[in-house]
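> Before we start, here is the structure in question, set down as structure tokens.
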Amino acid sequence: MRKPLLPLGLLLFPLLAACQRSPETPVPETLTAEERDRRDLLRQPNPEWKPGPEKRKLNILLLIDKTKIRKGDAFAYRLETQNAGQEPLSFKEAAPSFIKEGSLCGGSGFKVLVTAPGAKERPAACLRQTAAVAVSTAPGREPETGLDVTLQSGDYLLTRGSGPVRGFRPLLTATAFDALGTYKLKAEYAAKDGFKAVSNTVTLEVVP
Numbered sequence: 010m011r012k013p014l015l016p017l018g019l020l021l022f023p024l025l026a027a028c029q030r031s032p033e034t035p036v037p038e039t040l041t042a043e044e045r046d047r048r049d050l051l052r053q054p055n056p057e058w059k060p061g062p063e064k065r066k067l068n069i070l071l072l073i074d075k076t077k078i079r080k081g082d083a084f085a086y087r088l089e090t091q092n093a094g095q096e097p098l099s100f101k102e103a104a105p106s107f108i109k110e111g112s113l114c115g116g117s118g119f120k121v122l123v124t125a126p127g128a129k130e131r132p133a134a135c136l137r138q139t140a141a142v143a144v145s146t147a148p149g150r151e152p153e154t155g156l157d158v159t160l161q162s163g164d165y166l167l168t169r170g171s172g173p174v175r176g177f178r179p180l181l182t183a184t185a186f187d188a189l190g191t192y193k194l195k196a197e198y199a200a201k202d203g204f205k206a207v208s209n210t211v212t213l214e215v216v217p
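What follows is the structure, given as structure tokens:
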């Protein structure tokens, strides 16, 4: 005996219901500030990497996007810091931080040391202006929370990039690079307990 056909409306009802179903609401991010920093700023070493005999050791690589600029022009930098020792190393910075925003005004252990032509080595000066603050208070951005991460042995800590060259960011400093000639720059990290590490030296030529 032939089964009776269902009304067309009943056949289409499941399909229409599926089409009218509202899209799933995105799950809000529940990461802590440290977890976000680890995701965004930290990288792990190659699997075959092994630490040396030192309990505490920090390798710092300083890079700049240009080796020659005109007087008054800006340049950008990138810092790669690796925990090359056996023990974990903690990094804490108040906002605005050096790693996230390039600020030299906070309580960071990082400094950029500058040797101008014919002058002695000096720390790059803090820029106490809205330049650093504006980044963290710009519309649509969450306020900066500083930095609080722990590098396990082999981990890399990278500065947050900001600019046309990927991974690089402008150096926020009141130090003027207006003397013609060759500058030498290097980065230094000094912890409160006396532990220190110094990066490689890079050169920057200022021309007319």
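Reading the sequence shown from the start, the letters are residues 10 to 217 in the numbering used here.
The C-beta atom is built at its ideal place from N, Cα and C for all residues, glycine as well.
Because the structure is a prediction, the values reported are computed rather than measured.
Going by beta carbon distance, what residues of the same chain come within less than 6 Å of Gln95, once the five residues before and after it are set aside?
Pro60, Lys64, Ser162, listed in sequence order.
> With DSSP run on the structure shown, which of helix, strand or coil describes Phe100?
Reduced to three states, the DSSP call for Phe100 is strand.
> Spell out a yes or no on whether the region 78 to 86 and the region 185 to 196 are touching, meaning 3 or more CB-CB pairs, one atom from each, closer than 8 Å.
Yes, they touch.
> Identify whether Val142 lies in helix, strand or coil by the three-state DSSP scheme.
No answer about Val142 holds up, because its pLDDT of 46 lies below 50 and its placement is not dependable.
> Evaluate the contact criterion for the region 168 to 180 versus the region 107 to 120: three or more CB pairs, one atom per stretch, below 8 Å.
A contact exists between the region 168 to 180 and the region 107 to 120.
> Would Gln53 and Asn68 be called neighbours here (beta carbons separated by less than 8 Å)?
No, Cβ-Cβ distance for Gln53 and Asn68 is not below 8 Å.
> Grouping DSSP H, G and I as helix and E and B as strand, with all else coil, what is Glu110?
In this structure, Glu110 counts as helix in the three-state DSSP scheme.
> For a test of the three-state rule: what should DSSP assign to Leu50, helix, strand or coil?
Helix.
> Taking only runs of the beta strand (DSSP E) that begin and end inside the region 147 to 202, which ones reach a length of at least 3 residues, in chain order?
Here the runs fully enclosed are 156 to 160, 165 to 167, 190 to 199.
> Put Thr79 into one of helix, strand or coil per three-state DSSP.
Sequence inspection shows Arg at residue 79; the Thr mentioned does not correspond to that position. Arg79: strand per DSSP, three-state reduction.
> Tell me where the beta strand (DSSP E) around Phe119 begins and ends.
Where Phe119 is concerned, the enclosing beta strand (DSSP E) stretches over 119 to 124.
> Could you pull out every residue in the same chain whose Cβ sits closer than 7 Å to the Cβ of Ala93, ignoring the five residues on either side in sequence?
Counting only Cβ-Cβ distances below 7 Å, and skipping sequence neighbours, we find Pro60, Gly61, Lys66, Leu67, Asn68.
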